[in-house]
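J.:
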Amino acid sequence: MKDVAKTANNAARRKRDARQLSFQTAVTAVTLIFVLLAFIPIFLMLFLSLKSQAQFYSNIWAIPNPPQWQNYDAAWSSLFRNMINSVVTVSVGTLLIVVLSAMSGYVFARLEFPGKKILFLMMLALMMVPGVLTLTPNYKLIQRLGLKNTWWALWLPWASGGQVMGMYLCRTFISGQPASLFESARIDGATEFKAFFYIAVPLAKPILATLVVMNMISLYGHFIWPLLVIESNTKQVISVAIQTYSSSTGITDYGAMIAGFVMATVPLVVMFSFSSRLYIEGITSGAVKA
Amino acid sequence: MKRKKTGTCDLTRICLVLLVALALCLPAAVAVRVYSFQRTGIFEMVEFGTNFQNNKILVESDITYLGTYQNTILAFDKSGGDVWSYGISGAIGAMEYDTDRNWLIVGSQDRNIYIFDGTQGELLAKYPAQGKVYDLDYDPAAGQLLVSCSMNDSKHFLSTMDIETGETLLNVKIKQVARSARFSPDYRYFYYGDSRGRVYKLDRNGETVVSGKAQTEVRSLAVSHPTGEVYALDVKGNLFKYDENLNQIFSVSLVGEGRTVGVSDDGKWVAAGTREGDVYILDSDGAVHFTARQTYDISQVYFGEDVSYVVTLSPELFRFSTARLDNIGLMTALSQWSLLVAIVLAILLAADLIALFPRSRMLAIRCFRTFYKYRVAYLMLLPSIVLILIFNYYNIFQAFYYAFTDWSQATKTMREVNFIGFDNFVKMVTEGYFLLGVKNLLIMMACSFLKLLTIPLLLSELVFSMRNRHGESSRRRYCFRLLLVAPMVVPGVVNTLMWKNIYDPNIGALNSILDTIGLSSWKHSWLGDPQTALGAIICMGFPWVNSFAFLVYYGGLINIPQDLFEAAKVDGSTPAWNFIHIHLPLISPQLKMLIITTFINSVQDYGHVYLLTQGGPGTATYVPGLELYFAATKFGQYGYACAMGLVMFIVILAGSLFNLRMKTHELN
């Protein structure tokens, strides 16, 4: 009697396993197709960057033979400076945003003080203000402050605008940290700043990493604002430089143009390979929601 | 109890003493301020001149000559009475004077050089120049005139002319326009500055001796006669000083578009005027001693021995005493410092008054205590708040204000900005470009929502349902999660440009694919055809794996408590039922956030349209953001741009508020 039940049970499980397996295979296959499609522009970019002008016109799908590595020489010599500019400006901008966000996020999550609500609303309201509204006055302000064509023209508005979302995410995340931790720290005589620096910041690492990656990617891609406020090419960031570069090489040397695209991508690849894990954890932790 | 009372009395007494002291000091500071401020306002308006636009001035013994933009030369005596006037057929470009013969030499844009009898106003001679005369300089010993003129956009000449005969002695053809040319103090050389941003020194045979560099187009040159040093002002407002061999000594950058530079006879003072109407007076070391703002373009700053003049392209002509400049620096400093001192004294006085009365004192102490108690919070917020006030709130209020004005490229100073009510908003409706953009924007936005709500959600469900044999989350899940996020490392600009390349009609991958699979007839200039351009922009990024949205959805799904699924399983749920009744409600906060960010981005984003088509072909892909960008940059209609920004802000605000009202399921 017992045996019969067991076999029936086994058969049912095997059947379920088989169904589960085919379901999982289908899921994997569909996802894989999407992944491959999403990677097409990237593969295409790597592939085309090694072609000469003639190879572009003869048969675009032919294997580049011989591979035109000199395309990268050309791109390197005209874009290297801008790449360094981008890395420096974006790093400093991101650092400013993250520091400001962490501080204000902590204050709004953990501290009580008169005027808290008004200040919080003041910052939050900015989320609804589109950048296009302030584009013109901001440009004039930068001009009047004499910051035009300096990197401060990028850093200050970036820090000011980027910290709002960052503050909100940090606040949500830090409110989720156990309050007892901070209370015991206070009992042990830690100052508010110490509690922030030694307890809140280490615990908030995932959200801070998320902020770093999010802001780096977004600042790195900023295009309109640097185009407006930075004039000299020696100070220009890569996202603007790549556009100028692509329109200057666009007709004469496609390979070098696309090699430039690849080069412009490299800094983000390096950054992402170090921080992807923390970033994914931060976003999937549930802090990112309305 | 008693002691405390004495303490309070002491405090009150101290306060009273302080009050008296402050009450005496404050008026003194104010008086110093008023005195020094009056002394810094050295410019006074001159009553004579035209009712139109003055351009150049020249003062010789008793007579003041004014050359106008309206083709007349006017001569006034010391009291401002008319002596003579003469009309010619072009604007007056430059004037010089021969003191021996009492000749007034006038170079005009009507391509002539006129010689007048200075006292009578009689036309003595008229020599043709080779083009519009921009500048003149005169060598009185040799009786030779240096003329800088342009025939057309590409032919420019520097020449020297004998003043008696009108004969051209030397003619140098130059490639760029020379707005200004000057003899060296010994008249053995001459200098000119060109539109390429270079300053040249030539000898009297027309051979270039040496050249120096300015930054942009040189608008004006001045030579200091005692030292032989050369000053050049370029259009970006950079003032350069060179020694006689054009080695740069210093450069100062002034705010505004440079128009004219002048140097005083003793070489101690340099004055620069801008298109915006600012006059800067600097000493010979480049330190700015004085600035004053007028309403109109400054066309000349003329240094006389006693009286100097500032000529603007308007009826407004100003005069100042040259000697007054000597203590202008002191007076400016005094005026600024006394203002500062007065403000500090006033604050102290207010504080003292508060401390004097027990009730207000208690209130102040309580306020201060509150602030001190919560100082950490305030200090940590300080940088954020300061930044936001300067770079966000200030600009927002500016935008609100300027949306109702005619602020544009044509307005030189903020004083000329006029309030025009709702004209900018009416223009949005009547001009059409903005509305055309709205249609495209709505289509794009609908597609963005569609893209947001389908593919990333599907992918997150797929990855979420990946399990190994034991029903636990598998390694595959981890790998796919990473693979789906990885494409976001391609910067937005690069991605857009890459897609532009894919759509390229000649070498684009899309047309090549169509060729390969035998659909050559479908080949197309995807972005160049008004029929397909909008579709191509929307299809960009296929298959629209939005990494961020995918991660957010996925984060919502993995945070759903496991027991909910188990409970549903007991009830015999199907995957579809799970999706509708568990997944969707529980990721609604994420959905809401993604919807609002997508909404905000699609209303204001125009970067990819700018890169792909610039709104073309025709207006097929125009969006309101692009119109705003062009208004703020290419067309210079700043007020109109602000008005469009304001409309978009209202739309976004309405959308955000609506979104906030939507109910979401909050997990506790």
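Residue numbers (the numbering used here), protein chains in the order written: chain A, 1 to 290; chain L, 1 to 668.
Just so you know, even glycine gets a beta-carbon here, dropped at the ideal spot from N, CA and C.
Using a 10 Å radius around the Cβ and a threshold of 16 neighbouring Cβ atoms, would you call L/D194 buried or exposed?
T.: buried
J.: Which residues mark the beginning and the end of the beta strand (DSSP E) in which L/K126 is found?
T.: Note, L/K126: beta strand (DSSP E), 123 to 128.
J.: With DSSP run on the structure shown, which of helix, strand or coil describes L/N668?
T.: Confidence at L/N668 is low in this model, with a pLDDT of 41, below 50, so its placement is unreliable and the value that follows should be read with caution. In the structure shown, L/N668 sits in coil (DSSP, three-state: anything other than H, G, I, E or B).
J.: Taking the runs of the alpha helix (DSSP H) that are 4 residues or longer, which of them lie wholly in the segment 231 to 264 of chain A?
T.: The qualifying runs are 238 to 249.
J.: DSSP beta-bridge partners for L/A94?
T.: L/G107
J.: Taking the Cβ atom as the reference point for each residue, do L/V623 and L/G655 lie within a distance shorter than 9 Å?
T.: no
J.: A/N138 by DSSP, collapsed to three states: which one?
T.: Under the three-state reduction of DSSP output, A/N138 falls in the helix class.
J.: Can you look up L/K173 in the DSSP assignment and give me helix, strand or coil?
T.: strand
J.: So, for L/C179: in the same chain, excluding its five sequence neighbours on each side, which residues have a beta-carbon less than 6 Å away from its beta-carbon?
T.: Note on residue identity: the sequence assigns Arg, not Cys, to residue 179 of chain L. Result list for L/R179: Y134, R219, in chain order.
J.: Could you check which residue in L/M45, L/V270, L/L660 has the C-alpha nearest to that of L/L317?
T.: L/M45
J.: Quick one: does A/E183 have its CB under 9 Å from some CB of chain L?
T.: no
J.: Tell me whether the beta-carbon of A/P137 lies closer than 9 Å to the beta-carbon of L/N51.
T.: no
J.: Could you check the C-alpha separation between L/G707 and A/I224 for me, to the nearest Å?
T.: Residue 707 of chain L cannot be examined here, being either before or after the span of chain L that is shown, 1 to 668.
J.: Just to confirm my understanding: we take L/G636, look at its own chain, exclude 5 residues before and 5 after, and list those with CB closer than 6 Å. What are they?
T.: Around L/G636: S408, Q409.
J.: Counting only beta-carbon atoms, is L/S465 nearer than 9 Å to chain A?
T.: yes
J.: With 9 Å set as the bound, which would you pick, yes or no: does the beta-carbon of L/F548 sit closer than that to a beta-carbon of chain A?
T.: So yes, L/F548 belongs to the interface.
J.: If distances are taken between C-alpha atoms only, which option among L/G541, L/V490, L/I507 comes closest to L/W499?
T.: L/G541
J.: Per DSSP, which one or two residues make a beta bridge with L/R219?
T.: None, per the DSSP bridge assignment.
J.: Given a cut-off of 9 Å, decide if A/M83 and A/M263 are closer than it, judged by their beta-carbon atoms.
T.: yes
J.: From the DSSP output, which residues share a beta bridge with L/H156?
T.: L/S150, L/I174
J.: List the residues of chain A that L/M498 touches, going by C-beta distances under 8 Å, in chain order.
T.: P41, L44, M45, I258, F261
J.: Pull up the DSSP beta-bridge partners for L/N54, would you.
T.: L/T68
J.: Just to confirm my understanding: we take L/M1, look at its own chain, exclude 5 residues before and 5 after, and list those with CB closer than 6 Å. What are they?
T.: In this predicted model, L/M1 has a pLDDT of only 41, less than 50, meaning its place in the structure is not dependable; the value taken from the coordinates is given anyway. Same-chain partners within the cutoff: there are none.
J.: I'd like to know if L/V20 contacts chain A, where contact means its C-beta is closer than 9 Å to some C-beta of that chain.
T.: no
J.: Just curious, the beta strand (DSSP E) that L/W337 is in, first and last residue?
T.: Where L/W337 is concerned, there is no enclosing beta strand (DSSP E), although the alpha helix (DSSP H) it sits in stretches over 328 to 356.
J.: Considering only their Cβ atoms, is the gap separating L/I113 from L/Q144 smaller than 9 Å?
T.: Contact flag unset, no.
J.: My guess is that A/A102 and A/A204 are in contact by the Cβ rule of under 8 Å, so how many angstroms apart are they, rounded?
T.: About 7 Å; that satisfies the 8 Å criterion.
J.: Three-state secondary structure (DSSP) at A/T28?
T.: helix
J.: By the 10 Å Cβ neighbour count, where 16 or more other Cβ atoms means buried, how is L/R3 classified, buried or exposed?
T.: Because the pLDDT at L/R3 is just 47, under 50, the model does not fix this residue reliably, and the value given afterwards should be weighed accordingly. When all chains shown are included, L/R3 counts as exposed.
J.: Among the residues of its own chain, which have a CB less than 7 Å from the CB of L/G206, if the five just before and after it don't count?
T.: Taken in chain order, the residues that qualify are L170, V172.
J.: Below 7 Å on C-beta distance, what does A/S160 contact in chain L?
T.: L387, I388, F391, N392
J.: Starting from L/Q300, trace the beta strand (DSSP E) both ways and give me its first and last residue.
T.: 298 to 302
J.: Can a CB atom of chain L be found closer than 9 Å to the CB of A/Y198?
T.: no
J.: Please say whether L/T291 and L/V279 have beta carbons closer to each other than 9 Å?
T.: In contact: L/V279 and L/T291 (Cβ atoms closer than 9 Å).
J.: For chain A, find out if any of its Cβ atoms is closer than 9 Å to the Cβ of L/A272; answer yes or no.
T.: With 9 Å as the cut-off, L/A272 does not count as an interface residue toward chain A.
J.: Assuming L/G639 and L/A403 are in contact, meaning their beta carbons sit under 8 Å apart, how far apart are those beta carbons, in whole angstroms?
T.: About 7 Å; that satisfies the 8 Å criterion.
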